[in-house]
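Shown next, in structure tokens, is the structure this report addresses.
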Amino acid sequence: MKRRLVSTLIGMTMVAVMLGGCGGGTDTTEEAADDTAAEAEADESGDEAASGDLITVGYAQVGHESDWRTANTENYQNTFTAENGYELSFVDADNDNATQIEAVRTFIQQELDYIVIAPIETAGWDTVLEEADSAGIPVIIADREIDSDNYDAFVGTDSVAEGVTAGNWLGEYLDGAEANILVIEGSVGASAALGRTEGFNSVADEHSEWTILDSQSGDFTQSGGQEVMESFIKSYEGQFNVVVCQNDNEAYGAMDAMDAAGITYGVDGDVIIISFDATHDGLQYTLGGKINCDVECNPIQAEIVAEVIQAMEAGEEYPERTIVEDSAFVAPGIESAFATEMTQEILDGRAY
Numbered sequence: 001m002k003r004r005l006v007s008t009l010i011g012m013t014m015v016a017v018m019l020g021g022c023g024g025g026t027d028t029t030e031e032a033a034d035d036t037a038a039e040a041e042a043d044e045s046g047d048e049a050a051s052g053d054l055i056t057v058g059y060a061q062v063g064h065e066s067d068w069r070t071a072n073t074e075n076y077q078n079t080f081t082a083e084n085g086y087e088l089s090f091v092d093a094d095n096d097n098a099t100q101i102e103a104v105r106t107f108i109q110q111e112l113d114y115i116v117i118a119p120i121e122t123a124g125w126d127t128v129l130e131e132a133d134s135a136g137i138p139v140i141i142a143d144r145e146i147d148s149d150n151y152d153a154f155v156g157t158d159s160v161a162e163g164v165t166a167g168n169w170l171g172e173y174l175d176g177a178e179a180n181i182l183v184i185e186g187s188v189g190a191s192a193a194l195g196r197t198e199g200f201n202s203v204a205d206e207h208s209e210w211t212i213l214d215s216q217s218g219d220f221t222q223s224g225g226q227e228v229m230e231s232f233i234k235s236y237e238g239q240f241n242v243v244v245c246q247n248d249n250e251a252y253g254a255m256d257a258m259d260a261a262g263i264t265y266g267v268d269g270d271v272i273i274i275s276f277d278a279t280h281d282g283l284q285y286t287l288g289g290k291i292n293c294d295v296e297c298n299p300i301q302a303e304i305v306a307e308v309i310q311a312m313e314a315g316e317e318y319p320e321r322t323i324v325e326d327s328a329f330v331a332p333g334i335e336s337a338f339a340t341e342m343t344q345e346i347l348d349g350r351a352y
């Protein structure tokens, strides 16, 4: 990861007062005082203009595929406001990698002060990041990881740790019982999907009594989750007792498919559901016992990004890597060392 401290450049209005000159120069004390007052007024006006300058930030967002993504977008839009000293240029890439890279190039051409990227895919960033580096624009990678170190800071969650938490909870819950597992993965190439898969599989490898029957991408969407689950039901009906969905929206789709097929799930059902994100609706389903365990991925990250930018502006040291803290929640009546039992009070206190 490159390290670059960015100093604040404050534009100052320089007022040059030419005294004397053409016509023989007959300054009086009163005229000099007037000139001094005018100079002071001009300096004050310049200082006000400088202090009113906004820090320009471009945010290349993944898209709007999930409730989590909507909460994350709103967090950025509520943080990077004119009232807080920013001008935000926001692009929803709609899960199109080429569109997102082009958005970053546009930010570079616009000579924005900072660029924030929530990358759709881990690969393919070297060229455009080199362009940003050459233009002297700091880049902050947010939410997801990339296969490059040519950026200034990272702010996001640890998706591998999220997967490990889900696996550890399942092992605790089953207590040695067999598990025949179906996995609905996130978007292909996304670090959140890769990390959650890696983390969960690392725990699954320790359990000889577990079998992962199949794993397919639901693209982090409700429709994708439903489509994959319908296919799973056709292929594995009666053979599975655990469904792992790599975000809440996929879980909603999987539940729709199981409802239609007459398959019970949750605390009182035949199938255990594990989900990720812990959005409001996901936790509502957890509170209701439909989702057994929901591992959080905290979308409230913009304030931390703003703190990094402010440190860069001041020319101060800043963290190159900030991991946003996550939790996990389980349905009422489930005791766990890895997750918190869901309550209405917790749900009411959530910001997203």
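Reminder that position 183 of the sequence shown reads as 183 in the working numbering, one-by-one numbering, no gaps. Backbone N, C-alpha and C define an ideal beta-carbon position, used for all residues, glycine too. None of these values were measured; they are calculated from a predicted model.
What number of angstroms, rounded off, separates the C-alpha of ASN75 from the C-alpha of PHE90?
Here residue 75 refers to the residue found at position 75 when the sequence shown is read from its first residue. Here residue 90 refers to the residue found at position 90 when the sequence shown is read from its first residue. Going by the C-alpha atoms only, they are around 12 Å apart.
Whose C-beta lies closer than 6 Å to the C-beta of ILE334 among residues of the same chain, with five residues either side of it excluded?
To locate residue 334, count along the sequence shown from 1; it is residue 334. Correct list: empty, nothing qualifies.
Check whether the Cβ atoms of ILE146 and SER191 sit closer than 9 Å, and answer yes or no.
Indexing the sequence shown from 1 puts residue 146 at position 146. Indexing the sequence shown from 1 puts residue 191 at position 191. In contact: ILE146 and SER191 (Cβ atoms closer than 9 Å).
Taking the alpha-carbon positions, what's the ILE137 to THR340 distance?
In the sequence shown, residue 137 corresponds to position 137, counting from 1. In the sequence shown, residue 340 corresponds to position 340, counting from 1. Cα to Cα, the separation comes out at about 41 Å.
Taking only heavy atoms of the ligand GTP into account, decide whether any of them is closer than 8 Å to the Cβ of VAL244.
Looking at this structure, you won't find the ligand GTP or any other ligand, since it has none at all.
PHE220 versus ILE120 - alpha carbon distance:
Start at 1 with the first residue of the sequence shown, and residue 220 comes out as number 220. Start at 1 with the first residue of the sequence shown, and residue 120 comes out as number 120. Going from the Cα of PHE220 to the Cα of ILE120 covers about 11 Å.
Please look up how many angstroms separate the CB atoms of ALA251 and GLY225, rounded, as I've assumed it's under 8 Å.
Within the sequence shown, the letter at position 251 stands for residue 251. Within the sequence shown, the letter at position 225 stands for residue 225. Right, the Cβ-Cβ distance comes to about 7 Å (below 8 Å), so this counts as a contact.
Alpha-carbon spacing of TRP125 relative to ALA93, whole angstroms
Here residue 125 corresponds to residue number 125 of the sequence shown, with the count starting at 1. Here residue 93 corresponds to residue number 93 of the sequence shown, with the count starting at 1. Straight-line Cα distance between these residues: approximately 15 Å.
For ARG321, collect the residues of the same chain with a Cβ closer than 6 Å to its Cβ; drop the 5 residues on either side in sequence, then sort them by chain order.
As a working note, residue 321 is residue 321 in the sequence shown. So the qualifying residues of the chain are PHE154.
Quick check on DSSP: helix, strand or coil for TRP125?
To locate residue 125, count along the sequence shown from 1; it is residue 125. DSSP places TRP125 in coil when its eight states are reduced to three.
The region 167-182 in contact with the region 203-223 per 3-pair CB rule at 8 Å:
yes
If we count the other Cβ atoms within 10 Å of its Cβ and call it buried at 16 or more, is TYR236 buried or exposed?
Against the sequence shown, residue 236 aligns to sequence position 236. Exposed, because fewer than 16 other Cβ atoms sit within 10 Å of the Cβ of TYR236.
Between the alpha carbons of THR73 and HIS207, how many angstroms are there, rounded?
Numbered from its first residue, the sequence shown carries residue 73 at position 73. Numbered from its first residue, the sequence shown carries residue 207 at position 207. Each residue's alpha carbon lies about 38 Å from the other.
Go ahead and label ASP143 buried or exposed: buried means 16 or more other beta carbons lie within 10 angstroms of its beta carbon, across all protein chains shown.
Here residue 143 refers to the residue found at position 143 when the sequence shown is read from its first residue. Burial call: buried.
What three-state label does DSSP hand ALA337 in the structure shown?
As a working mapping, residue 337 is identified with position 337 in the sequence shown. Coil at ALA337, not helix or strand.
Buried or exposed: ALA135, going by 16 or more other Cβ atoms within 10 Å of its Cβ?
One-based indexing of the sequence shown puts residue 135 at position 135. Exposed, since its Cβ has fewer than 16 Cβ neighbours within 10 Å.
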